[in-house]
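> Pasting in a structure now, in structure tokens, and then I'll have a few things to ask.
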Amino acid sequence: MNTVIDNINEIVINKSRFICLTYNISNINEVEAKISEAKQKYKDATHYCYAYIIGSLEKASDDGEPSGTAGIPILNVLKKEKVQNVLCIVIRYFGGIKLGSGGLVRAYSKACKEGLIITTLEQGYLVEIKFKYSHIKEIEYLIKDAVIINKNFNNQPIYKFKIKSNKYKQVVEKLNLISDVSIIEDIYI
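The number in the working numbering is simply the position in the sequence shown, starting from 1, with 6 added.
Below is the structure:
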């Protein structure tokens with residue numbers, strides 16, 4: 007089974023905004039808290055559809071969308087991607103164009119799938135590094151097999167990426183050989 011990291015991803019389909027929130031969770035209380043947070047943060051949204059899998063427990067909600075057009079498609083994507091201990095909330099801001107049942111299924115499935123692309127990780131590491139601008143090309147080459155989560159270019163570049171376990175040791179050893187590279191965080195997930 008795969009795990010996920012917390013993430014936000016947005017897509018637009020026929021003027022409707024679909025915001026996918028994914029969370030690594032371990033119990034029902036976390037599910038309720040995350041849904042409540044989403045409703046507070048995105049107060050004007052039309053729907054807050056979700057699905058989760060915690061061990062053998064799973065649930066899906068259409069939150070007012072036609073039955074079976076949102077929650078179940080989200081849950082089906084989670085199952086297909088073989089993720090575990092995950093909550094996926096897809097928030098919809100209606101854009102004025104009705105999508106129909108088939109269109110809703112495709113839209114919610116796509117929002118979830120695209121959200122999971124950058125959050126799904128077979129066992130591996132979440133790494134954050136900072137370095138001097140002069141090392142950008144070298145760093146980019148070293149982490150070419152990683153999934154980049156964030157690049158920040160304020161005072162000095164800070165990259166956050168995830169990398170599979172079998173590549174982690176080799177990449178970190180090479181990063182440590184470069185002067186002026188600091189590993190801020192590396193977490194096994």
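All C-beta atoms, glycine included, are put in the ideal place defined by N, C-alpha and C.
Can you find at least 3 beta carbon pairs, one from the stretch 106-124 and one from the stretch 75-87, that sit closer than 8 Å?
Touching, yes.
> Report, in whole angstroms, the separation of the C-beta atoms of R98 and F24, which I expect to be a contact under 8 Å.
The count along the sequence shown starts at 1 and reaches residue 98 at position 92. The count along the sequence shown starts at 1 and reaches residue 24 at position 18. 6 Å between Cβ atoms; contact.
> Below 8 Å on the Cβ atoms is my guess for I135 versus Y165; work out the distance and round it to an integer in Å.
Against the sequence shown, residue 135 aligns to sequence position 129. Against the sequence shown, residue 165 aligns to sequence position 159. Right, their Cβ atoms sit about 6 Å apart.
> According to DSSP, is K168 helix, strand or coil?
The count along the sequence shown starts at 1 and reaches residue 168 at position 162. It is a strand residue.
> In chain order, what residues of the same chain have a beta carbon less than 7 Å from the beta carbon of G77, not counting five sequence neighbours either side?
In the sequence shown, the residue the question calls residue 77 occupies position 71. These residues qualify, in order along the chain: C55, Y56, A57, A66, S67 and D68.
> Among L81, S42 and E43, which residue has its Cα nearest to the Cα of I60?
Residue mapping note: residue 60 aligns to position 54 of the sequence shown, counting from 1. The residue with the shortest Cα to Cα distance from I60 is L81.
> Can you tell me whether DSSP reads Y29 as helix, strand or coil?
What you label residue 29 is simply residue 23 of the sequence shown in a count that begins at 1. It is a strand residue.
> Could you check if Y131 is buried or exposed, using at least 16 other CB atoms within 10 Å of its CB as the buried criterion?
Taking the sequence shown and counting its residues from 1, one reaches residue 131 at position 125. That one is buried.
> Name the residue from N15, S22, E16 and I184 whose alpha carbon lies nearest to the alpha carbon of G102.
The sequence position of residue 102 within the sequence shown is 96, counting from 1. Of the candidates N15, S22, E16 and I184, the one whose C-alpha sits nearest the C-alpha of G102 is S22.
> If you draw a straight line from the alpha carbon of K138 to that of N13, how long is it in whole angstroms?
On the sequence shown, residue 138 is found 132 positions in, with the first residue counted as 1. On the sequence shown, residue 13 is found 7 positions in, with the first residue counted as 1. Going from the Cα of K138 to the Cα of N13 covers about 27 Å.
> Could you tell me which residues DSSP puts in a beta bridge with R98?
Looking up residue 98 in the sequence shown gives position 92. Paired residues: F24 and H53.
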